[in-house]
Amino acid sequence: KPQTVKIHLNVLSIALTYAYKLRIIDDKIVDRIMIPKNNKFKNEIYTEEDLRILFEKVKDKNIELTIGSSTAYLAVGFGLRISEILGLRWQDIDFENKVIHVRQITARVNGDVILKEPKTESSIRDLSGPQEIFEMLKKERKKQIQKRLKGERINEELIFFDNKGNPIGEDCISQRFRRFLIKKELKQIRFHDLRHAHATLLIQKNVNSKIISDRLGHSNITTTLNIYAHTMKEMDREAGEKIAESLYNAK
Numbered sequence: 003k004p005q006t007v008k009i010h011l012n013v014l015s016i017a018l019t020y021a022y023k024l025r026i027i028d029d030k031i032v033d034r035i036m037i038p039k040n041n042k043f044k045n046e047i048y049t050e051e052d053l054r055i056l057f058e059k060v061k062d063k064n065i066e067l068t069i070g071s072s073t074a075y076l077a078v079g080f081g082l083r084i085s086e087i088l089g090l091r092w093q094d095i096d097f098e099n100k101v102i103h104v105r106q107i108t109a110r111v112n113g114d115v116i117l118k119e120p121k122t123e124s125s126i127r128d129l130s131g132p133q134e135i136f137e138m139l140k141k142e143r144k145k146q147i148q149k150r151l152k153g154e155r156i157n158e159e160l161i162f163f164d165n166k167g168n169p170i171g172e173d174c175i176s177q178r179f180r181r182f183l184i185k186k187e188l189k190q191i192r193f194h195d196l197r198h199a200h201a202t203l204l205i206q207k208n209v210n211s212k213i214i215s216d217r218l219g220h221s222n223i224t225t226t227l228n229i230y231a232h233t234m235k236e237m238d239r240e241a242g243e244k245i246a247e248s249l250y251n252a253k
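Residue numbering for the sequence shown follows our numbering, beginning at 3 and increasing consecutively.
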């Protein structure tokens, strides 16, 4: 990544500059090092129509949870990160109040997937969501109980786990999702972009930016505004066109 290269180049620059001052080297070659540009990554965002097609294709698949025709996935319905989804426990699901409590995440350490607290305080949050999601989770819980009664190995705490009952790594879900999109000939996005779809849908529905920021677990609203600046600019342009239509009957 360009940012990683810049960090290493900065360290190298300090060392070479010091060596030049000590006359260990005769040429100040650090001045000729080209630092790569950090091109801003542009997310591919699924539209509502894209999501509807996706939902139809993913029925009965284990890599995500379908929740209806207009909303889907925990990633889209709640704006959760992959690690947050995989860290969810049944005790984090408040079926009565329709709230999900984000309290832990998965992380890969030395090849093993572990559970730990979220990185920032803002990531620890309580999120409301559609009734359809909670009905879907109830069905999933019932299936797991039935499997346990049959003697199958399950993790009684986690919602998502592998065939040995262990937590699942983020990379496993990302890879499965990518292969699934290729197989079904759907527009290629990252699994993480489903989270961006959540935020984009909320922006398009004119939800308050602070609420969106809180739902995403951002440490401050500036982060949210920076990430989704393009979407907001598009909405501002559309707002200008609507004003023109109202005032001047423009087409």
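No residue lacks a Cβ here, since even glycine has one placed at the ideal position from N, Cα and C. The model shown is predicted, which means the values in this text are computed figures rather than measured ones.
Cβ pair residue i, residue j closer than 8 Å
i: Lys-59; j: Leu-160; result: no
i: Ser-211; j: Leu-227; result: yes
i: Ser-85; j: Ile-102; result: no
i: Leu-218; j: Ala-201; result: yes
i: Thr-237; j: Ile-213; result: Per the sequence shown, residue 237 should be read as Met rather than Thr. No, the Cβ-Cβ distance between Met-237 and Ile-213 is not below 8 Å.
i: Ile-175; j: Leu-88; result: yes
i: Gly-79; j: Pro-132; result: yes
i: Cys-109; j: Phe-193; result: The question names Cys, but residue 109 is Ala in the sequence shown. Against a cut-off of 8 Å, the Cβ pair of Phe-193 and Ala-109 comes out as no contact.
Residue-chain proximity (residue i, chain C), Cβ-Cβ < 8 Å
i: Val-101; result: Although the question refers to chain C, the structure presented lacks it and comprises just one protein chain.
Residue i burial status per 10 Å Cβ neighbour count (16 or more: buried)
i: Lys-115; result: Per the sequence shown, the amino acid found at residue 115 is Val instead of Lys. By the neighbour-count rule (16 or more Cβ atoms within 10 Å), Val-115 is buried.
i: Leu-14; result: exposed
i: Val-111; result: exposed
i: Glu-50; result: exposed
i: Leu-18; result: buried
i: His-10; result: exposed
i: Arg-83; result: buried
i: Leu-249; result: exposed
i: Lys-63; result: Model confidence at Lys-63 stands at a pLDDT of 49, short of 50, so the residue's coordinates are unreliable and nothing is read from them.
i: Asn-24; result: The residue asked about is misnamed: residue 24 is Leu in this sequence, not Asn. With fewer than 16 Cβ atoms within 10 Å of its Cβ, Leu-24 is classed as exposed.
i: Ile-191; result: buried
i: Gly-81; result: buried
i: Glu-172; result: buried
Bridge-paired residues (DSSP) for residue i
i: Ser-130; result: Val-101
i: Val-111; result: Asp-114
i: Leu-160; result: Arg-91
i: Asp-29; result: DSSP, once it has assigned bridges, lists no residue as partnering Asp-29.
i: Asp-96; result: Val-101
Anticipated Cβ contact below 8 Å, residue i with residue j, distance rounded
i: Gln-146; j: Ile-156; result: 5 Å
i: Ile-47; j: His-220; result: Contact flag wrong, Cβ pair sits at about 17 Å.
i: Asp-94; j: Arg-105; result: 6 Å
i: Arg-143; j: Trp-92; result: 6 Å
i: Ile-170; j: Phe-162; result: 5 Å
i: Ser-130; j: Lys-152; result: That belief does not hold up - the Cβ atoms of Ser-130 and Lys-152 are roughly 34 Å apart, past 8 Å.
| task | Entirely within the region 152–236 and at least 4 residues each: give me those alpha helix (DSSP H) ranges in chain order. | result | Runs of the alpha helix (DSSP H) inside the region 152–236: 172–185, 195–206, 211–218, 223–229.
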